[in-house]
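Engineer: Mind looking over this structure? Questions follow.
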Amino acid sequence: MNHWLKKISKGIGKKLAAVHRWNAWMIAFLAFSGLILPWGTWREILGAGRVWLKWLHLGVGLALLLPVLYYLSLAGKHWSLLKGRPAQKWNVLIVLFIMAGWFLSGVVLWQFRTFGPAWSNPALTIHDAFTWIGLPYMIYHSITRTRWLKEPHRRTVRTDRPLNTVTPSSASQPLYTRRAFIRSAIGLGFAVTLGPSFVKWLASSLSFDANVENLVQQDDNHLVPAPQPAAASLPPVGGGSKGSFRIYTVTPIPTFDNSNWSFTVDGLVNKPLKWNWEEFVKLQRTVQVSDFHCVTGWSVYNNTWEGISLKQLLEQAGVQASAQTVKFYSGDGEYTDSLSLEQAQMNDIMVAVMLDGKPIPSDLGGPVRLVVPQMYAYKSVKWLNRIELIAEDHVGYWEVRGYDKDAWVPDSKRS
Ligand SMILES: Nc1nc2c(c(=O)[nH]1)N[C@H]1C(S)=C(S)[C@@H](COP(=O)(O)O)O[C@H]1N2
Ligand SMILES: [Mo]
Numbered sequence: 001m002n003h004w005l006k007k008i009s010k011g012i013g014k015k016l017a018a019v020h021r022w023n024a025w026m027i028a029f030l031a032f033s034g035l036i037l038p039w040g041t042w043r044e045i046l047g048a049g050r051v052w053l054k055w056l057h058l059g060v061g062l063a064l065l066l067p068v069l070y071y072l073s074l075a076g077k078h079w080s081l082l083k084g085r086p087a088q089k090w091n092v093l094i095v096l097f098i099m100a101g102w103f104l105s106g107v108v109l110w111q112f113r114t115f116g117p118a119w120s121n122p123a124l125t126i127h128d129a130f131t132w133i134g135l136p137y138m139i140y141h142s143i144t145r146t147r148w149l150k151e152p153h154r155r156t157v158r159t160d161r162p163l164n165t166v167t168p169s170s171a172s173q174p175l176y177t178r179r180a181f182i183r184s185a186i187g188l189g190f191a192v193t194l195g196p197s198f199v200k201w202l203a204s205s206l207s208f209d210a211n212v213e214n215l216v217q218q219d220d221n222h223l224v225p226a227p228q229p230a231a232a233s234l235p236p237v238g239g240g241s242k243g244s245f246r247i248y249t250v251t252p253i254p255t256f257d258n259s260n261w262s263f264t265v266d267g268l269v270n271k272p273l274k275w276n277w278e279e280f281v282k283l284q285r286t287v288q289v290s291d292f293h294c295v296t297g298w299s300v301y302n303n304t305w306e307g308i309s310l311k312q313l314l315e316q317a318g319v320q321a322s323a324q325t326v327k328f329y330s331g332d333g334e335y336t337d338s339l340s341l342e343q344a345q346m347n348d349i350m351v352a353v354m355l356d357g358k359p360i361p362s363d364l365g366g367p368v369r370l371v372v373p374q375m376y377a378y379k380s381v382k383w384l385n386r387i388e389l390i391a392e393d394h395v396g397y398w399e400v401r402g403y404d405k406d407a408w409v410p411d412s413k414r415s
């Protein structure tokens, strides 16, 4: 019996080590790319590179199937080698479980267009949760299994000892070895450093009714007078936003006051329009309740937006027959996007000034942002300050960088 084990374990040990190495490197890359992809600072630094990184993350994520399938083909033999080592068996099961969770939720996020927000929202939560649990687990695993922390006689593939005997470590060594102590210390270190952010993340993703107020760090705009909410806005007819906005920007967050803010509608129009803030807050506003979906998988539901209908603005300016495209400019000086003239006729597109009865904070694109409820949120230009009617096509900021020009959200309500 022992002889047989020795024989197969020689060949399989090498294979298992190779699988383990490949797996570890791929997960390290996925962790690295996965952590910087949603990170604000890196969004700015990477620019177009972000889309490449996203595709790489996706490709490596799918390729992770290869070492896993290969492992599964060896799993039977590996399992018999792990006889009497429940801790190692559990480790294998936990790692496989974590990878399955990452993989399945990742596929849904990749195919968000097919699945729609009802699937991609939970998939993102699961993907995040598995990262928060899986990554510390795997880092802990890799640190505690480096050579200097391993007890000399313990090896992954045991070939040198008969089965079913009391292991020397439990029989003849002190209960708490130096290595065991270091291992616990590292574990504790992880718990202390990552624990609080994990709890914070958990709270924000589970507390579905957290409203904008306590998610927004600050509103640094100084515009007077403040817009006065319509009756339907306060208390918000939609009952308040459900979900959390992730604050996205490709520049430092711009802030405005009465001296540097204005709003322009120009280009191929009969009557170019320009307002300063005092004039702009007096324009007739309407209220709507709509959902907000980002392509990366998160949504915020039941937002009560108050603002000026885009259709009305365009009517007021008088669009000329030669105009084909409505181009939107952000006051950040960088971000733009566009709609076809036909798309721009949708009744629910809003030049929004208030959210849930309050001025839109600077983080969320205030004082004025575009809201295009039926399309993914990259169309909803923040810090909107100019609308230009043009004859040619315009490819927006993220569309230049690989996002689909067709931004329709599947199953969104059509007005
Ligand atoms: N000016 C500007 N507008 C923008 C963006 C941006 O980076 N800059 N990001 C877009 C994307 S991809 C999304 S999902 C939403 C995010 O809105 P929020 O930051 O208010 O959550 O804004 C959109 N409008
Ligand atoms: Mo987005």
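Once you know that position 59 of the sequence shown is 59 in full-length UniProt numbering, the rest is easy, because the numbers rise by one and skip nothing.
Ideal placement from N, C-alpha and C gives every residue a C-beta, glycine not left out.
Values in this document were obtained by computation on a predicted structure and should not be read as measured data.
Would you kindly check if the distance between the Cβ of Val-281 and the Cβ of Glu-306 is under 9 Å?
Structural biologist: No.
Engineer: Along the chain, where does the beta strand (DSSP E) that runs through Val-95 open and close?
Structural biologist: Taken as a continuous stretch (DSSP letters only), Val-95 belongs to no beta strand (DSSP E), being part of the alpha helix (DSSP H) at 86-110.
Engineer: For the segment 75-89 against the segment 109-128, are there 3 or more C-beta pairs whose distance is under 8 Å?
Structural biologist: They do not touch, by the three-pair rule.
Engineer: If you compare alpha carbons, which of Glu-388, Lys-358, Leu-310 is closest to Pro-227?
Structural biologist: That would be Lys-358, whose Cα lies nearest to the Cα of Pro-227.
Engineer: Does DSSP put Met-26 in a helix, a strand or coil?
Structural biologist: In the structure shown, Met-26 sits in a helix (DSSP, three-state: H, G or I).
Engineer: Between which two residues does the beta strand (DSSP E) containing residue 464 stretch?
Structural biologist: Limits of the chain in this structure are 1 at one end and 415 at the other, which puts residue 464 out of reach.
Engineer: Does any heavy atom of ligand 1 sit closer than 8 Å to the C-beta of Ser-290?
Structural biologist: Incorrect: Ser-290 has no Cβ contact closer than 8 Å to ligand 1.
Engineer: Could you tell me whether the Cβ of Trp-305 comes closer than 9 Å to any Cβ of chain D?
Structural biologist: Absent from the structure is chain D; it holds one protein chain and no more.
Engineer: What residue does the beta strand (DSSP E) around Asp-337 start on, and which one ends it?
Structural biologist: Counting along the chain, the beta strand (DSSP E) containing Asp-337 begins and ends at 336-340.
Engineer: For Ala-48, I'd like the list of residues in its chain whose CB is within less than 8 Å of its CB, leaving aside the five on either flank, ordered along the chain.
Structural biologist: Hits under 8 Å: Val-400, Arg-401, Gly-402.
Engineer: Go ahead and pull the three-state DSSP assignment for Asp-160.
Structural biologist: A caution first: Asp-160 carries a pLDDT of 48, below 50, which makes its placement in the model unreliable, though a value can still be read off. Residue state, collapsed to three classes: coil.
Engineer: In terms of residue numbering, what span does the alpha helix (DSSP H) encompassing Leu-53 cover?
Structural biologist: Note, Leu-53: alpha helix (DSSP H), 49-63.
Engineer: Measure the C-alpha to C-alpha separation of Asp-363 and Trp-275 and round it to an integer number of angstroms.
Structural biologist: C-alpha separation (whole angstroms): 23 Å.
Engineer: Any heavy atom of ligand 2 inside 8 Å of the beta-carbon of Thr-251?
Structural biologist: Every heavy atom of ligand 2 is 8 Å or more from the Cβ of Thr-251, so no.
Engineer: Whole beta strand (DSSP E) runs in the segment 326-398 with 3 or more residues, listed along the chain?
Structural biologist: Counting only runs of 3 or more, we get 336-340, 350-355, 369-371, 384-390.
Engineer: Give me the Cα-Cα distance between Ile-349 and Ser-322, rounded to the nearest whole angstrom.
Structural biologist: C-alpha separation (whole angstroms): 22 Å.
Engineer: Would you be able to state if there are at least three C-beta pairs under 8 Å between the segment 234-243 and the segment 379-392?
Structural biologist: In short, these stretches do not touch, since the Cβ pair count stays below three.
Engineer: Comparing the CB of Tyr-335 with every heavy atom of ligand 2, is any distance shorter than 8 Å?
Structural biologist: Tyr-335: no, Cβ never under 8 Å from ligand 2.
Engineer: Considering only C-alpha positions, which residue in the set Phe-256, Gly-238, Val-269 is nearest to Val-289?
Structural biologist: The candidate whose alpha carbon is nearest that of Val-289 is Gly-238.
Engineer: Under a Cβ-count criterion, where at least 16 other Cβ atoms within 10 Å of its own Cβ denotes burial, should Thr-251 be classed as buried or exposed?
Structural biologist: Exposed, by the Cβ-count rule.
Engineer: Got a sec? Which residues, its chain only, sit under 6 Å from Ile-94 by beta carbon, not counting five neighbours each side?
Structural biologist: Cβ within range, chain order: n/a, list empty.
Engineer: Say yes only if the C-beta of Ala-123 is nearer than 8 Å to one or more non-hydrogen atoms of ligand 2, and no if none qualify.
Structural biologist: No, ligand 2 has no heavy atom inside 8 Å of this Cβ.
Engineer: Taking DSSP as the reference, what is the three-state secondary structure of Phe-263?
Structural biologist: Correct three-state label for Phe-263: strand.
Engineer: Suppose the cutoff is 7 Å on Cβ atoms and the five residues either side in sequence are ignored; what does the same chain contact list for Asn-23 look like?
Structural biologist: Answer for Asn-23: Pro-67, listed in chain order.
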